[in-house]
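Numbering (our numbering), first residue to last: 44 to 264.
For glycine and all other residues, C-beta sits at the position ideal for the given N, C-alpha and C.
Accompanying notes for the structure given below.
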Amino acid sequence: MANTDDYLGRLSAYYRSKPKFNATVAALCGAAAGLRELYGAMPAAFDLDLAVGVQLDAVGRWVGLDRKVRTPISNIYFSHDVDGLGFDQGVWQGPFDPDSGLTELDDETYRLLLRAKIGANHWDGTLEASAAILDRIFGGGTHVFIQDNGDMSVDIGVAGTPPSALFLALLTGGYIPLKPEGVRVSYYVIPSAEGPLFGFDVQNQYISGFDGGLWGSLFAG
Numbered sequence: 044m045a046n047t048d049d050y051l052g053r054l055s056a057y058y059r060s061k062p063k064f065n066a067t068v069a070a071l072c073g074a075a076a077g078l079r080e081l082y083g084a085m086p087a088a089f090d091l092d093l094a095v096g097v098q099l100d101a102v103g104r105w106v107g108l109d110r111k112v113r114t115p116i117s118n119i120y121f122s123h124d125v126d127g128l129g130f131d132q133g134v135w136q137g138p139f140d141p142d143s144g145l146t147e148l149d150d151e152t153y154r155l156l157l158r159a160k161i162g163a164n165h166w167d168g169t170l171e172a173s174a175a176i177l178d179r180i181f182g183g184g185t186h187v188f189i190q191d192n193g194d195m196s197v198d199i200g201v202a203g204t205p206p207s208a209l210f211l212a213l214l215t216g217g218y219i220p221l222k223p224e225g226v227r228v229s230y231y232v233i234p235s236a237e238g239p240l241f242g243f244d245v246q247n248q249y250i251s252g253f254d255g256g257l258w259g260s261l262f263a264g
């Protein structure tokens with residue numbers, strides 16, 4: 044991208060020795076070059092993968108999702124003595140976070156939720172597509188599958204790497220609306236450790252039998 048020196052380098056030999064002329068050109072072209080540099084940086088500043096702080100808030104307004112949650116999310120703060128809230132699971136309580144629970148999402152969690160909302164905005168309404176969207180949101184070794192119970196209800200299972208306490212709270216709290224209208228979520232089934240959930244007569248990355256499957260924790264939908 045051109046800068047002020049590039050423009051000054053185009054001056055003829057006669058004008059290069061004129062300090063006032065050089066200063067005028069530098070003032071005019073420097074402003075234009077700075078403005079072009081600013082505009083060139085804006086796409087990256089508001090890119091979902093790179094945006095932070097108020098830029099990510101602006102992306103959220105375009106997507107239609109606010110950083111602040113409807114009600115405080117409780118039981119997610121880091122604790123040594125509580126299962127599921129240890130290192131890489133619980134959320135560090137900030138100096139301005141209330142004891143009652145988290146009210147504002149950090150950048151990385153908010154980014155994941157925005158990806159979920161974008162997926163929901165483009166969703167075709169099928170369970171297969173919703174499971175694929177959830178897999179992209181969780182990423183890594185976490186796998187999500189959906190069981191249709193045949194009575195206008197579904198169960199959502201999570202296998203592999205257990206999600207963080209905060210993301211689990213967002214999932215079970217209905218902040219990720221990936222289900223057909225009128226269909227309710229009966230249970231969320233979350234593994235107690237890393238691995239597939241226990242189930243009979245099934246052997247895949249989601250469900251395994253004895254000596255392989257894990258008993259899951261049930262969370263009502």
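Legend entry - Exposure of Gly203, with buried meaning 16 or more beta-carbon neighbours within 10 Å: Sequence index remark: in the sequence shown, residue 203 carries index 160 (1-based). The residue in question, Gly203, is buried, as its Cβ has 16 or more Cβ neighbours within 10 Å.
Which residue or residues does DSSP assign as beta-bridge partners of Asp198?
Here the question's residue 198 lines up with position 155 in the sequence shown. Beta-bridge pairing links Asp198 to Gln190 and Tyr230.
- Are three or more beta carbon pairs between the segment 152-163 and the segment 96-113 nearer than 8 Å? yes
**Study point:** Contacting residues, own chain, Cβ-Cβ under 8 Å from Ile176 (five flanking each side not counted)
**Key:** Position 133 of the sequence shown holds residue 176. Cβ within range, chain order: Ala159, Gly162, Ala163, Trp166 and Leu221.
*asked:* Which of the three DSSP states is assigned to Ile250 in this structure?
replied: In the sequence shown, the residue the question calls residue 250 occupies position 207. Correct three-state label for Ile250: strand.
Practice item. Let me know if Val187 comes out buried or exposed under the rule of 16 or more other beta-carbons within 10 Å of its beta-carbon. Key: Residue mapping note: residue 187 aligns to position 144 of the sequence shown, counting from 1. Buried is the call here.
- Task: Please report the Cβ distance between Val201 and Ile180, rounded to the nearest whole angstrom; I am assuming they are in contact, meaning their Cβ atoms lie under 8 Å.
- Result: For this step, residue 201 is matched to residue 158 along the sequence shown. For this step, residue 180 is matched to residue 137 along the sequence shown. At roughly 11 Å, the Cβ-Cβ gap does not stay under 8 Å, so Val201 and Ile180 are not in contact.
ask   = Does the Cβ of Gly77 have 16 or more other Cβ atoms within 10 Å, making it buried, or fewer, making it exposed?
value = Looking up residue 77 in the sequence shown gives position 34. The residue in question, Gly77, is exposed, as its Cβ has fewer than 16 Cβ neighbours within 10 Å.
### Task
Return helix, strand or coil for Leu108, following the three-state DSSP convention.
As a working mapping, residue 108 is identified with position 65 in the sequence shown. Leu108 falls in the coil class under three-state DSSP.
Here's a check: name, in chain order, each residue in its chain whose Cβ is nearer than 7 Å to the Cβ of Leu211, leaving out the five neighbours to either side. As a working mapping, residue 211 is identified with position 168 in the sequence shown. These residues qualify, in order along the chain: Ile233.
Work out the CA separation of Gly73 and Ile189 for me, nearest whole Å. Along the sequence shown, read from residue 1 onward, the residue named residue 189 stands at position 146. Along the sequence shown, read from residue 1 onward, the residue named residue 73 stands at position 30. Straight-line Cα distance between these residues: approximately 57 Å.
* Asked: Hey, would you say the C-beta of Leu51 is under 7 Å away from at least one heavy atom of the ligand NAP?
  -> Absent from the structure shown: the ligand NAP. Ligands present: none.
Looking at C-alpha atoms only, which residue of Asp198, Ala94 and Thr185 is the closest neighbour of Asp150? The residue you call residue 150 lines up with position 107 of the sequence shown. It is Ala94.
Assign Thr204 to one of three DSSP states: helix, strand, or coil.
Here residue 204 corresponds to residue number 161 of the sequence shown, with the count starting at 1. The answer is coil: DSSP assigns Thr204 none of H, G, I, E or B.
Gly83 versus Glu171, Arg110, Leu108 and Asn46, residue with shortest Cα-Cα distance: Position 40 of the sequence shown, counting from 1, holds the residue named residue 83. Out of Glu171, Arg110, Leu108 and Asn46, Asn46 has the C-alpha closest to the C-alpha of Gly83.
Q: Could you check what DSSP says for Glu171 in three-state terms: helix, strand or coil?
A: Here residue 171 corresponds to residue number 128 of the sequence shown, with the count starting at 1. Looking at Glu171 - three-state DSSP - the assignment turns out to be helix.
| query | Under the DSSP definition of a beta bridge, which residues are partnered with Glu147? | reply | For the purposes of this step, residue 147 is identified with residue 104 of the sequence shown, where counting begins at 1. BP columns for Glu147 point to Lys111.
- [ ] Taking only the alpha-carbon atoms, compute the straight-line gap between Gly193 and Gly225 and give it to the nearest angstrom.
- [x] Locating residue 193 in the sequence shown gives position 150, where the first residue counts as 1. Locating residue 225 in the sequence shown gives position 182, where the first residue counts as 1. Approximately 13 Å between the Cα atoms of the pair.
What is the DSSP secondary structure of Phe262, counted as helix, strand or coil?
Taking the first residue of the sequence shown as 1, we reach residue 262 at position 219. Here Phe262 sits in strand by DSSP.
_Looking only at its chain, what residues have a beta carbon closer than 6 Å to the beta carbon of Ser196, apart from the 5 residues adjacent to it on each side?_
Locating residue 196 in the sequence shown gives position 153, where the first residue counts as 1. The residues are Arg227 and Ser229.
inquiry  = Assuming Lys61 is part of the alpha helix (DSSP H), what are its boundary residues?
reply    = Translated into the one-based positions of the sequence shown, residue 61 becomes position 18. Counting along the chain, Lys61 falls outside any alpha helix (DSSP H), and DSSP gives it neither H nor E.
Next item on the list: State the start and end residues of the unbroken alpha helix (DSSP H) segment that holds Leu51.
Entry: On the sequence shown, position 8 is the one that residue 51 refers to. From DSSP, the alpha helix (DSSP H) with Leu51 extends over Thr47 to Leu51.
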